[in-house]
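Below is one structure; the comments refer to it alone.
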Amino acid sequence: MPDEATLYSNGIIHTMRAGEGPAEAFLVRGERVAGVGSREDLLALAGGAARVDLDGCTVIPGFNDCHAHLLSFGLALDQLDVSADSVHSIADIVGAVERRGRDTGSHAWIHGRGYNQNELVEARHITRLELDAVSSARPVVLDHTSGHVLVCNTAALERAGIARDTENPAGGEIERDEHGDPTGLLKESAMDLLRRVIPTTTEVEGRDAILKAMATLSTFGITSASDAWTGHGPSIEGELAMYRASVRSGRLTARITLMPLISYVVRDDSDRVRLPSDFDVGSDPAWLTIGATKIFSDGALSTRTAAMREPYADDPSNRGILFWERPALVSVMRRAHEAGWQIATHALGDRAVEMVLDCYDGAIRDRPRADHRHRIEHCMYADETMARAIRDLGIVPSLQPDIYRLGDAYVAALGLERAAESIPIGLFRRFGIELALSSDLPVIPGRPLDVIRSAMERTTPRGVELGPHHAIPAMDAIRAYTWGGGYATHSERIKGTLAPGMLADFIVLSGDPAQTELDDWQTIQVVRTAVGGQLMYRG
Ligand SMILES: [Zn+2]
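Below you can see the structure in the form of structure tokens.
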């Protein structure tokens, strides 16, 4: 029934529209919100609508996670978990790999995900030789939690043809020991050497991984999410087919925006820039659409590859890696900007953020374009000059307040004082900049309610409070995760607030975030998630 109506009443409805107080009821007709207000007002509109008693629960718009990695997250759900949730030492990882080898008993690759050397008691990466001890013939690859480095065993290196005489690719490093032999650690673009020999995911496997990822996101209260890096191999077509198949299955539980990597948009071998319409996402844009094009400008803090102006605290010779020379970055940005793309550039370190802003400035000045909403992904470090440029150029910082998971790693990398200035939400708010919060799943477990709590309290797993002046109140964080996600994906006219005409993408929470102290935050549960008025999850 396309026009079926449901009246939800007896709740606390936060519409997340600026300046609007809570309502007690709302009406959904078909896949849209038809009215918000008092029960009496809406009864007049409701006609024969079904009734749902919210029983005092709180309703907010569904979370819009504008930076996650959907296919990777789905695949990771079936990979060996070597995150800090499961392992605490190198010996734990070795044991987990050995068990996985026994349990699966075939010659297939053993693929693990999520280790973080900072969280291991040895505080270092595992080596190829340690993995060889339990898996000499069968290839093993362990992705770092950041996605910016991996470790593999000798069998995997051999399949990839990586040996002591293999040169480092541009923008990457094959780490070597004191004898010049690869240690198994591959950084940034060097990972591609290995990834191209890992057996590919079939369309059905990919579709199922995406469905599983989205079903998990529904339990978190996410109703829309962006894949912040679409296209990993020589072609993007396989991934597009997996996403199309997930829509076709009729079992998708949250809406998807894909962010194709810039190399599929601006190609060295062609003068023609591919347009969003050149990427086949099927014919249901409310469920699957193309968003910004993604550029990487530097790496990550936990791997010491984020490009900082000052050296890392634990490695005075290292200021991280910039992946582009300025003229090359300006050139690709200009071409994408002129073709009408929204651009989302990954930049963590202040040296990267500074360069990216300078390049955006060049592109925008040459060809002014209203409402481009170019983004900086992560934007973990910025000073006042950069904040002013972000505001004046209309750039959207897309932030992941993951201090509750990675804060101690930031302290290890930069020392306490500089770590306290990471994710400078207070600075951006002072400049009146619109923010979008997101998870970067599966880099961290990424339940929005946990990420929001982290943005409010900025406390590391070891209990260190980092930069309380950058903390943000609950409802402002929620707005940045709902309306902000819509703004960052040019969809705030249909998503992220509850008002007549908006998509009926909403969640029901057991407690009211506006009235809940930090100490009780964990008691707030997602009890229902609805997309287009349809119930996708019930807790
Ligand atoms: Zn990411």
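Using the working numbering, you'd call the opening residue of the sequence shown number 480 and step up by one each time. Heads up, the beta-carbon is just placed ideally off N, CA and C, and yes, glycines get one too.
In the DSSP assignment, find the unbroken beta strand (DSSP E) run with L521 in it and report its ends.
By 1-based counting over the sequence shown, the position of residue 521 is 42. Looking at the DSSP string, L521 is not in any beta strand (DSSP E); the run it does join, the alpha helix (DSSP H), is 518 to 525.
Shorter than 8 Å from the beta carbon of R788 to some beta carbon of chain D?
Within the model displayed, chain D is absent; a lone protein chain is all it includes.
Flag this pair as yes or no: are the beta carbons of G535 and L559 separated by less than 8 Å?
Counted from its first residue, the sequence shown places residue 535 at position 56. Counted from its first residue, the sequence shown places residue 559 at position 80. Against a cut-off of 8 Å, the Cβ pair of L559 and G535 comes out as no contact.
What do you reckon, are the CB atoms on T772 and I741 nearer than 8 Å?
On the sequence shown, residue 772 is found 293 positions in, with the first residue counted as 1. On the sequence shown, residue 741 is found 262 positions in, with the first residue counted as 1. Contact: yes.
Shorter than 7 Å, the distance from the beta carbon of D919 to the closest heavy atom of ligand 1, or not?
The residue labelled residue 919 in the question sits at position 440 within the sequence shown. Under cutoff, so the answer is yes.
From T485, A842, L872, E896, pick the residue whose C-alpha is nearest to that of Y860; which is it?
Sequence index remark: in the sequence shown, residue 860 carries index 381 (1-based). Closest option to Y860, Cα to Cα, is E896.
Could you check what DSSP says for I653 in three-state terms: helix, strand or coil?
Translated into the one-based positions of the sequence shown, residue 653 becomes position 174. DSSP places I653 in strand when its eight states are reduced to three.
According to DSSP, which residues form a beta bridge with K666?
Numbered from 1 along the sequence shown, position 187 holds the residue referred to as residue 666. Looking at the DSSP assignment, K666 forms a beta bridge with V628, E652.
With distances taken Cα to Cα, identify the nearest neighbour of I902 among H949, V628, G819.
Locating residue 902 in the sequence shown gives position 423, where the first residue counts as 1. Nearest option by C-alpha distance: H949.
Over what stretch of residues does the alpha helix (DSSP H) that includes M865 continue unbroken?
Residue 865 sits at position 386 when you count from the first residue of the sequence shown. Here the alpha helix (DSSP H) through M865 covers 863 to 872.
On the DSSP bridge list, what partners appear for S725?
The residue given as residue 725 occupies position 246 in the sequence shown. Answer is none; S725 lacks a bridge partner.
Span of the alpha helix (DSSP H), counted from its first residue to its last, around M693:
For the purposes of this step, residue 693 is identified with residue 214 of the sequence shown, where counting begins at 1. 682 to 699 is the extent of the alpha helix (DSSP H) around M693.
Hey, would you say I589 sits closer than 8 Å to R607, going by beta carbons?
Residue 589 sits at position 110 when you count from the first residue of the sequence shown. Residue 607 sits at position 128 when you count from the first residue of the sequence shown. Cβ atoms of I589 and R607: not closer than 8 Å.
Pick out whichever of I701, R655, V630, Y722 has its Cα sitting closest to the Cα of R674.
As a first step, residue 674 is located in the sequence shown; it is residue number 195 there, counting from the start. Cα-wise, what sits closest to R674 is V630.
Contacting residues, own chain, Cβ-Cβ under 8 Å from D840 (five flanking each side not counted):
By 1-based counting over the sequence shown, the position of residue 840 is 361. Cβ neighbours of D840 beyond the five flanking positions: A868, L872.
Which one of A635, F985, L827, G963 has the shortest CA to CA distance from I800?
Position 321 of the sequence shown, counting from 1, holds the residue named residue 800. Answer by Cα proximity: L827.
Let me check you understand the geometry: is the CB of H623 closer than 7 Å to at least one non-hydrogen atom of ligand 1?
Taking the first residue of the sequence shown as position 1, residue 623 is located at position 144. No, since every heavy atom of ligand 1 falls outside the 7 Å radius drawn around the Cβ of H623.
Restricting to Cα atoms, I'd like to know which of T864, E944, G911, F910 is closest to D887.
Taking the sequence shown and counting its residues from 1, the one referred to as residue 887 is at position 408. The residue with the shortest Cα to Cα distance from D887 is E944.
Using alpha carbons as the reference points, say which of G700, I569, L665, V576 lies closest to A1009.
For the purposes of this step, residue 1009 is taken as the residue at position 530 of the sequence shown. Closest by alpha carbon: G700.
Same chain only: Cβ atoms within 6 Å of Q1001, ignoring 5 sequence neighbours per side
Taking the sequence shown and counting its residues from 1, one reaches residue 1001 at position 522. Counting only Cβ-Cβ distances below 6 Å, and skipping sequence neighbours, we find nothing.
Less than 7 Å separating the Cβ of V922 from some heavy atom of ligand 1?
The residue labelled residue 922 in the question sits at position 443 within the sequence shown. Correct: V922 has its Cβ closer than 7 Å to ligand 1.
Continuous beta strand (DSSP E) stretch holding Y594: start and end
Against the sequence shown, residue 594 aligns to sequence position 115. Start and end: 589 to 594.
Does the stretch 801 to 814 come close enough to the stretch 839 to 854 that 3 or more CB-CB pairs lie under 8 Å?
yes
Opposing strand residues paired with T1008 [DSSP bridges]
By 1-based counting over the sequence shown, the position of residue 1008 is 529. BP columns for T1008 point to I986, Y1016.
If you count every other CB in all the chains shown that lies within 10 Å of the CB of N597, and 16 or more means buried, which is it?
If you number the sequence shown from 1, residue 597 lands on position 118. Buried: at least 16 other Cβ atoms inside 10 Å.
Figure out for me which residue from T645, G580, L522 has the closest Cα to the Cα of V613.
On the sequence shown, residue 613 is found 134 positions in, with the first residue counted as 1. When each option's Cα is compared against that of V613, the closest is G580.
If you draw a straight line from the C-alpha of M480 to the C-alpha of G509, how long is it?
If you number the sequence shown from 1, residue 480 lands on position 1. If you number the sequence shown from 1, residue 509 lands on position 30. Confidence at M480 is low in this model, with a pLDDT of 47, below 50, so its placement is unreliable and the value that follows should be read with caution. When rounded, the distance between both Cα atoms is 7 Å.
Looking at C-alpha atoms only, which residue of A818, P648, R805, H969 is the closest neighbour of A831?
Reading the sequence shown from its first residue, position 352 is the one you call residue 831. That would be R805, whose Cα lies nearest to the Cα of A831.
So what's V600 in DSSP terms, helix, strand or just coil?
Here residue 600 refers to the residue found at position 121 when the sequence shown is read from its first residue. Here V600 sits in coil by DSSP.
Where H604 falls, given that 16 or more other Cβ within 10 Å makes a residue buried:
Counting from 1 along the sequence shown, the entry for residue 604 is found at position 125. That one is buried.
Backbone secondary structure at T485 - three-state DSSP
Here residue 485 corresponds to residue number 6 of the sequence shown, with the count starting at 1. Looking at T485 - three-state DSSP - the assignment turns out to be strand.
Beta-carbon proximity list for L997, same chain, < 8 Å, skipping 5 on both sides:
Counting from one through the sequence shown, the residue named residue 997 turns up at place 518. Cβ within range, chain order: R932, M935, E936.
My parser needs the beta strand (DSSP E) runs of 3 or more residues fully inside the stretch 770 to 805; what are they?
772 to 775
Would the beta-carbon of A724 fall within 8 Å of that of E682?
Locating residue 724 in the sequence shown gives position 245, where the first residue counts as 1. Locating residue 682 in the sequence shown gives position 203, where the first residue counts as 1. Yes; because the gap between Cβ atoms is below 8 Å, this pair is in contact.
Can you say whether S517 is buried or exposed, counting buried as having 16 or more other CB atoms within 10 angstroms of its CB?
In the sequence shown, the residue the question calls residue 517 occupies position 38. The residue is exposed, with fewer than 16 neighbouring Cβ atoms inside 10 Å.
Whose C-alpha, out of I653, A635, S668, is nearest the C-alpha of P661?
Taking the sequence shown and counting its residues from 1, the one referred to as residue 661 is at position 182. With distances taken between Cα atoms, P661 lies closest to I653.
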